[in-house]
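Reviewing the structure listed below.
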Amino acid sequence: MGRSRRQPRIAGPSRKGLRTCIGCRRASPRDDLIRLVRDPSGAVFVDRHLRAPGRGAHLCYDPSCINNALQRRAPSRAFQGPVTLPTLEALLAEIIEGIDARIWARLGIARRSRQALSGADALSRGMGRVGLLILAEDCAENSRKSLQNKANALGCPVVIFGTALTLGESQGAPHRVAIGVLDPLAGVLKQEFERRASLSAAPQE
Ligand SMILES: [Zn+2]
23 MGRSRRQPRI AGPSRKGLRT CIGCRRASPR DDLIRLVRDP SGAVFVDRHL
73 RAPGRGAHLC YDPSCINNAL QRRAPSRAFQ GPVTLPTLEA LLAEIIEGID
123 ARIWARLGIA RRSRQALSGA DALSRGMGRV GLLILAEDCA ENSRKSLQNK
173 ANALGCPVVI FGTALTLGES QGAPHRVAIG VLDPLAGVLK QEFERRASLS
223 AAPQE
């Protein structure tokens, strides 16, 4: 065993490096930032899983940083060459699409790792353990109110996302109007929903 004994590269600790936002110039942990990459034609796109090879440019999940960076054409400086930039609207839409893809993937993980409760019985029995309650957009008014009241009483945050059909699919069921996510995944998902909310509320020009 020589002195080059290295920690195995397990996802997580190796990704903690700081990166600078090209909108506000503040440094943040890489996982807390949006990563942009450039394809060979110069088109800039969002690296959803922070895994695309090559140089990247980073942005906070903050519409003012994104707007600033586009206005000042900061990505072309970051990539040290000509780039084709999307419009603010298109870039925001692409970032939100990436967040949604991660949310769906994590709801699948929540199911497989038994960190998701869905169905009326499981939810009413386990609501005390739920760290985040997701309600379908098409959840009936009376169920929505009763679930929301239970969650509020327990101090559990509630988000509206997906439909009964898509939430059901994520849990291997035909139809689910609500999913209760347990910790630690609830914490990860809460952060994704906060990012989503701040970008969806962005003023469009
Ligand atoms: Zn920033």
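First residue of the sequence shown: 23, per our numbering; consecutive thereafter. In this text, a Cβ means the ideal position worked out from N, Cα and C, and glycines have one as well.
### Query
Ordered along the chain, which non-local residues of its own chain (more than five positions away) have a Cβ less than 6 Å from that of Cys-178?
For the purposes of this step, residue 178 is taken as the residue at position 156 of the sequence shown. Hits under 6 Å: Val-152, Leu-155.
### Message
So if I measure from each beta-carbon to every heavy atom of ligand 1 and keep distances below 7 Å, which residues remain?
### Response
Cys-43, Gly-45, Cys-46, Arg-48, Leu-81, Cys-82, Asp-84, Cys-87
### Task
Can you check the region 135 to 162 for any beta strand (DSSP E) of at least 3 residues that lies completely inside it and give the ranges in chain order?
Runs of the beta strand (DSSP E) inside the region 135 to 162: 138 to 140, 152 to 157.
### Query
Could you give the C-beta distance for Leu-114 and Leu-92, rounded to a whole number, given that I count them as a contact under 8 Å?
Taking the first residue of the sequence shown as 1, we reach residue 114 at position 92. Taking the first residue of the sequence shown as 1, we reach residue 92 at position 70. Actually they do not touch by this definition, with Cβ atoms about 10 Å apart.
#### Entry: Gly-64 (DSSP reduced to helix, strand or coil)
Locating residue 64 in the sequence shown gives position 42, counting from the first residue. Here Gly-64 sits in coil by DSSP.
### Task
Flag this pair as yes or no: are the beta carbons of Ala-79 and Val-66 separated by less than 9 Å?
Residue mapping note: residue 79 aligns to position 57 of the sequence shown, counting from 1. Residue mapping note: residue 66 aligns to position 44 of the sequence shown, counting from 1. Contact annotation: Ala-79 and Val-66 have beta-carbon atoms nearer than 9 Å.
#### Entry: Local Cβ density within 10 Å of Leu-187, reported as buried at 16 or more and exposed below that
Here residue 187 is taken as the residue at index 165 of the sequence shown, counted from 1. The residue is exposed, with fewer than 16 neighbouring Cβ atoms inside 10 Å.
### Task
Compare the Cα-Cα distances from Glu-159 to each of Ala-173, Leu-189, Ala-138, Asn-174 and report the closest residue.
Stepping through the sequence shown from its first residue, residue 159 is reached at position 137. For Glu-159, the nearest C-alpha among the options comes from Leu-189.
### Message
Are the CB atoms of Leu-207 and Leu-139 within a distance shorter than 9 Å?
### Response
One-based indexing of the sequence shown puts residue 139 at position 117. One-based indexing of the sequence shown puts residue 207 at position 185. No. Outside cutoff.
### Task
Note down, one range per segment and in chain order, each beta strand (DSSP E) of at least 3 residues found wholly within the region 75 to 106.
79 to 81
### Query
When the distance is taken between beta carbons, is Val-199 closer than 9 Å to Ala-223?
Counting from one through the sequence shown, the residue named residue 223 turns up at place 201. Counting from one through the sequence shown, the residue named residue 199 turns up at place 177. No, they are not a contact pair.
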